[in-house]
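Order-wise, the sequence lines are chains A and B.
Residue 288 is where the first sequence ends in this note's numbering, and the numbering goes up by one at each step.
Residue 650 is where the second sequence ends in this note's numbering, and the numbering goes up by one at each step.
Idealized CB from N, CA, C, for every residue including glycine.
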Amino acid sequence: MDLAFVVLIQVLYAVASLVIVSAGLAVIFGMMKVINLAHGEFMMLGAYAVIAALKLGINLWIAIFVVAPIAVGVVGVVLERLVIRRLYGRMVDTMLATWGLSLLLVGIVTSVAGNTTAGVSAPLGSFSVGAYSVSGYTLVIIAVAVALALAIRFVLTRTQLGLIARGTMQKPDMANALGISPSRVYSVTFAVGAALSGLAGGLLAPLTGVVPTMGAAFVAKAFITVIGGGPAILAGLLGASGLFGAINQLATFATTPVLGEVALLVAAIVMLRLLPQGITGRFFKGSL
Amino acid sequence: MNRFAKSWASAAVSLAVGIALLFGLPGVMDDYTLIEVTIYAVMSILGVSLAFIWGFGGILCFGQAAFFGLGSYTYAIAVMNMGDSTVPFLLAIVVPALFAALLGYVIFYGRLSDVYMGVITLTVTLILFNLVNSTAGPEWRIGSAPLGGFNGIPAIPTLNWPGQQDEVLTPKDLFYVTFTCLLLVYLGLRVLIASKIGRVIVAAKENEQRVLLLGYDARVYKLFSFTLGGAIAGLAGCLFANWGAFTSPTIFGLAQSAQIIIWVIVGGLGTLVGPIVGCVAIQWLTSQIGTQQAFNANLVLGAILVVFVLLVPRGIVPTLGDLIDMAWRRWRKAPAHAPKVAMPAAAPTEPPRALAATETAP
Chain A
1 MDLAFVVLIQ VLYAVASLVI VSAGLAVIFG MMKVINLAHG EFMMLGAYAV
51 IAALKLGINL WIAIFVVAPI AVGVVGVVLE RLVIRRLYGR MVDTMLATWG
101 LSLLLVGIVT SVAGNTTAGV SAPLGSFSVG AYSVSGYTLV IIAVAVALAL
151 AIRFVLTRTQ LGLIARGTMQ KPDMANALGI SPSRVYSVTF AVGAALSGLA
201 GGLLAPLTGV VPTMGAAFVA KAFITVIGGG PAILAGLLGA SGLFGAINQL
251 ATFATTPVLG EVALLVAAIV MLRLLPQGIT GRFFKGSL
Chain B
289 MNRFAKSWAS AAVSLAVGIA LLFGLPGVMD DYTLIEVTIY AVMSILGVSL
339 AFIWGFGGIL CFGQAAFFGL GSYTYAIAVM NMGDSTVPFL LAIVVPALFA
389 ALLGYVIFYG RLSDVYMGVI TLTVTLILFN LVNSTAGPEW RIGSAPLGGF
439 NGIPAIPTLN WPGQQDEVLT PKDLFYVTFT CLLLVYLGLR VLIASKIGRV
489 IVAAKENEQR VLLLGYDARV YKLFSFTLGG AIAGLAGCLF ANWGAFTSPT
539 IFGLAQSAQI IIWVIVGGLG TLVGPIVGCV AIQWLTSQIG TQQAFNANLV
589 LGAILVVFVL LVPRGIVPTL GDLIDMAWRR WRKAPAHAPK VAMPAAAPTE
639 PPRALAATET AP
C-alpha cells in the first residue's frame with residue numbers, strides 16, 4: 001500500500017515536471033508557431049538566475065518564483081526583438097536561428113560562470129510514508145504544475161490579454177485593423193513563454209546540477225511533449241505530459257532511468273505514427 | 289552558359305581539384321598534417337550526407353550525428369568481434385542505413401511536417417547519446433567489445449586490406465581511402481541528382497503535391513534519400529573511428545549535430561561543394577578557437593549560425609558563385625567604355641532561393 005502511494009507520487013511528479021518543463025515551449029509553439037530550440041537554455045538561464053539571486057542573499061522561494069521568470073522574460077524580449085522577429089513565418093529558419101542562440105547562450109554562460117556544476121540544495125526536507133521517504137519538494141513541483149495549468153487556462157480564457165493574444169494569433173491582420181499591434185502581442189507572448197521556461201529552470205535548479213549545458217537534458221523531452229500534444233496548448237500539454245510522464249516513470253521503475261527515457265521516446269514516435277497531429281489533433285479538438 | 293552546363297562545369301572543377309589534392313597532398317605534407325587533413329575529409333563526408341538530404345531532398349535532419357555515431361559504434365563493435373575489418377566496414381554503412389530507413393518510414397509515412405521531422409531526429413540523437421553514455425559498467429558489452437559508456441571505446445582495430453588481417457592501413461593509406469571515399473560520394477551524389485530519380489527527389493522538395501499528381505509517390509523518394517544520407521553518414525562514422533582508433537558518445541551529441549547543420553548553412557544549402565568548404569572552414573576555426581581561452585567555441589559557432597541565417601541565408605559558395613557570375617557577365621557584356629548603368633541587366637540571374645524554408649511560410 002505504501003509502495004503504491006509512493007509510486008503514485010513519483011508518477012505524478014514525473015507528469016508534473018514534464019508539464020513544468022514544457023509549458024514555456026508550449027506557449028511559444030502553440031501560440032506563435034515558433035519552434036524555440038533555445039528553450040533548454042532559457043531554463044538554464046533561469047537556474048543561473050536563482051543561483052545568482054541566492055548569492056545576493058535573496059530568499060530561495062523569491063528567487064525561484066520571481067527573479068528567475070523576470071530575468072529570463074527580459075532576455076526573451078531582447079532576443080525576440082533582435083533575432084526572432086525577423087523570421088516569423090519561416091519555421092525552419094527560426095529553428096536554426098534559435099539553435100544558434102542556444103549555442104550562443106551556452107557559450108556566454110560558460111565564459112562567464114565557467115564550466116563547473118553549481119548546486120542549490122533542495123528545501124523542505126522529506127517526510128516518510130511507511131518504509132519510504134518522499135521529498136517535500138516533490139509535492140511543491142506537483143502543486144506548481146497544477147497551479148500553472150490553471151493559470152494558463154485562466155489567462156487564455158478569462159482575461160482581455162488572453163483574448164487579444166488568441167485573436168492575434170489566429171488573424172494578425174484583423175487584430176491589426178482593430179487597433180492591436182501584432183508585433184507587441186508577439187513580443188509579450190514570447191516573453192511570457194520565456195518567463196515560464198525561466199521558472200521551470202529555477203524550479204529544477206535544486207533537483208539537478210546547474211551547468212551551462214544542462215538545457216540539452218530537458219529540451220528533447222519538452223519537444224516531444226509539445227509535439228505529441230498537438231495544436232491545443234493546454235489540453236495537449238496535459239495529455240502528452242500525462243501519457244509520456246507515466247510511461248517514463250513506470251519504465252524507470254521497471255528498468256533504469258535511461259531506458260525510461262528511451263521508452264518515452266519510443267512511445268512518442270509510435271504515437272506520432274498513429275496520430276501525426278498529436279493527441280489533440282484527433283481528440284479534444286478545438287479545446288485550448 | 290545555362291545552369292545545367294554550369295553545374296556540370298562546377299562539378300568537373302570540383303572533381304579535378306579533389307583528384308589533384310588526393311595525389312598532391314601526400315607529396316607536400318608531412319604525416320601529421322596529412323592526418324589533420326584526413327579528419328577534415330571524414331567530416332566533409334558527413335557534411336555532404338546532410339547537404340544531400342537537406343539541400344536536395346528537403347529533409348531537415350537535426351540528428352545526422354545519430355547515423356554518424358551509429359556507424360562509428362557499429363564498426364568498433366563489429367571489428368572487435370570479428371578481427372577482419374571488411375565486414376565491419378560494410379556493416380557500418382548498412383546498420384545506420386537500416387536505422388534511417390526505419391526512422392524515415394515512421395516520419396514520411398506518418399506525413400510529419402519538416403519541423404516535426406527536425407524535432408524527432410534531434411530527440412533520437414539525444415536519446416542515443418544518453419543510452420550510449422550510460423553503458424559504462426563492465427556488464428555492458430556486445431560480444432567481446434565493451435561499450436565503455438562516457439569513456440568511449442579506445443584501441444579500435446583500424447582498417448586492414450580485405451582478407452589480410454595483418455596488413456593494417458598506414459595513416460597515409462587511410463588518407464587515400466578517406467579522400468577517395470569523399471570523391472566517390474561526391475561523384476555518386478552528383479550523378480544521382482542528375483538522374484531521373486534525383487530529379488524526382490528535388491521536385492518532391494520543391495512541391496510534394498505536384499509530384500504526387502504526376503504519379504510519383506514522394507514518400508518513397510524521400511525515404512530513399514534519407515536512407516542514403518544515413519548510409520553516407522555511417523561511412524563517415526566508420527572512417528572517424530578509424531582515424532583516431534577511438535569513438536565516444538560525444539559524436540552523438542548535440543554539439544556534433546549542430547556543427548553539421550552549421551557547415552551546410554555556412555557553405556550553402558543546395559550545393560554539395562558548399563558544405564565541404566563550410567566544414568573545412570568551421571573545423572579549422574574551431575581548432576583555432578581551441579588554442580585560446582578568450583572565446584568559447586560554442587559562442588562563436590552560435591554567433592556564426594545566427595548571423596548566417598539572418599544575413600547570408602544562401603551560404604558562402606552560392607553567394608561567391610553569384611559574385612563570380614556577375615563579374616563574368618560584366619566583363620563580357622560591358623566593354624570598358626560602357627556606362628555603369630548597364631550593370632542591372634545582370635540582376636535577373638538570381639537563381640531560385642536555395643533555402644526551401646522560405647516556402648513553408650503560411
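{"Check": "Alpha carbon of Phe218(A) to alpha carbon of Ile141(A), nearest angstrom", "Outcome": "16 Å"}
{"Check": "When Ala205(A), Ile224(A) and Thr256(A) are compared against Ile51(A), the one with the closest alpha-carbon", "Outcome": "Ala205(A)"}
{"Check": "Where Ala466(B) sits in the DSSP three-state scheme", "Outcome": "This sequence places Thr at residue 466(B); Ala is not what is there. Thr466(B): helix per DSSP, three-state reduction."}
{"Check": "Distance between Gly555(B) and Trp572(B) (C-alpha atoms, nearest Å)", "Outcome": "14 Å"}
{"Check": "Presumed contact (8 Å Cβ cut-off) between Val403(B) and Phe540(B), rounded CB distance", "Outcome": "In fact, because the Cβ distance is near 22 Å, the residues do not count as touching under 8 Å."}
{"Check": "Segment contact, 8 Å Cβ cut-off, at least three pairs: the segment 221–235 of chain A with the segment 21–30 of chain A", "Outcome": "yes"}
{"Check": "Whole runs of the alpha helix (DSSP H) within the segment 198–276 of chain A, excluding any shorter than 4 residues", "Outcome": "215–229, 233–254 and 257–274"}
{"Check": "Which of helix, strand or coil DSSP assigns to Asn651(B)", "Outcome": "The structure shown has nothing for residue 651(B), since chain B only spans 289 to 650."}
{"Check": "Whole-Å CB distance - Ile269(A) paired with Val394(B), under 8 Å assumed", "Outcome": "6 Å"}
{"Check": "Of the listed residues Asn586(B), Leu358(B), Ala300(B) and Asp372(B), nearest to Asp454(B) (C-alpha basis)", "Outcome": "Asp372(B)"}
{"Check": "First and last residue of the uninterrupted beta strand (DSSP E) at Phe596(B)", "Outcome": "Taken as a continuous stretch (DSSP letters only), Phe596(B) belongs to no beta strand (DSSP E), being part of the alpha helix (DSSP H) at Ala585 to Leu599."}
{"Check": "C-alpha distance - Leu275(A) paired with Phe253(A), whole-angstrom precision", "Outcome": "27 Å"}
{"Check": "Cβ of Thr607(B) within 8 Å of any chain A Cβ", "Outcome": "no"}
{"Check": "Which of helix, strand or coil DSSP assigns to Ala38(A)", "Outcome": "coil"}
{"Check": "Residue from Arg617(B), Val382(B) and Tyr361(B) whose Cα sits closest to the Cα of Gly263(B)", "Outcome": "Since the first and last residues shown for chain B are 289 and 650, residue 263(B) lies out of range."}
{"Check": "Per DSSP, the bridge partner or partners of Thr607(B)", "Outcome": "Paired residue(s): none; Thr607(B) is not in a bridge."}
{"Check": "7 Å CB neighbourhood of Ala289(A) in its chain, flanking five on each side removed", "Outcome": "Chain A is shown from 1 up to 288; residue 289(A) falls before or after that span and cannot be answered."}
{"Check": "Straight-line Cα distance separating Val210(A) from Ile58(A)", "Outcome": "18 Å"}
{"Check": "Span separating the alpha-carbon of Leu103(A) from that of Asn586(B)", "Outcome": "5 Å"}
{"Check": "Rounded C-alpha distance that separates Ser241(A) from Arg153(A)", "Outcome": "16 Å"}
{"Check": "Rounded C-alpha distance that separates Val66(A) from Phe377(B)", "Outcome": "56 Å"}
{"Check": "Residue-chain proximity (Met43(A), chain D), Cβ-Cβ < 8 Å", "Outcome": "Considering every chain present, this structure includes no chain D. Its protein chains are A and B."}
{"Check": "Cβ-Cβ distance between Gly558(B) and Gly343(B) below 8 Å", "Outcome": "yes"}
{"Check": "is_contact[Arg399(B), chain A] using C-beta, thresh 8 Å", "Outcome": "yes"}
{"Check": "Contacting residues, own chain, Cβ-Cβ under 6 Å from Gln544(B) (five flanking each side not counted)", "Outcome": "Ala353"}
{"Check": "CB contact below 8 Å: Asp173(A) versus chain B", "Outcome": "no"}
{"Check": "Residues bridged to Val120(A) [DSSP beta-bridge criterion]", "Outcome": "Answer is none; Val120(A) lacks a bridge partner."}
{"Check": "Boundaries of the beta strand (DSSP E) in which Phe127(A) is found, first to last residue", "Outcome": "Ser126 to Val129"}
{"Check": "Contact set between the segment 251–265 of chain A and chain B, restricted to residues whose Cβ is under 9 Å from the partner", "Outcome": "Thr256, Pro257, Val258, Leu259, Glu261, Val262, Leu264 and Leu265"}
{"Check": "Ile279(A) versus Gly229(A): straight-line alpha-carbon distance, rounded", "Outcome": "5 Å"}
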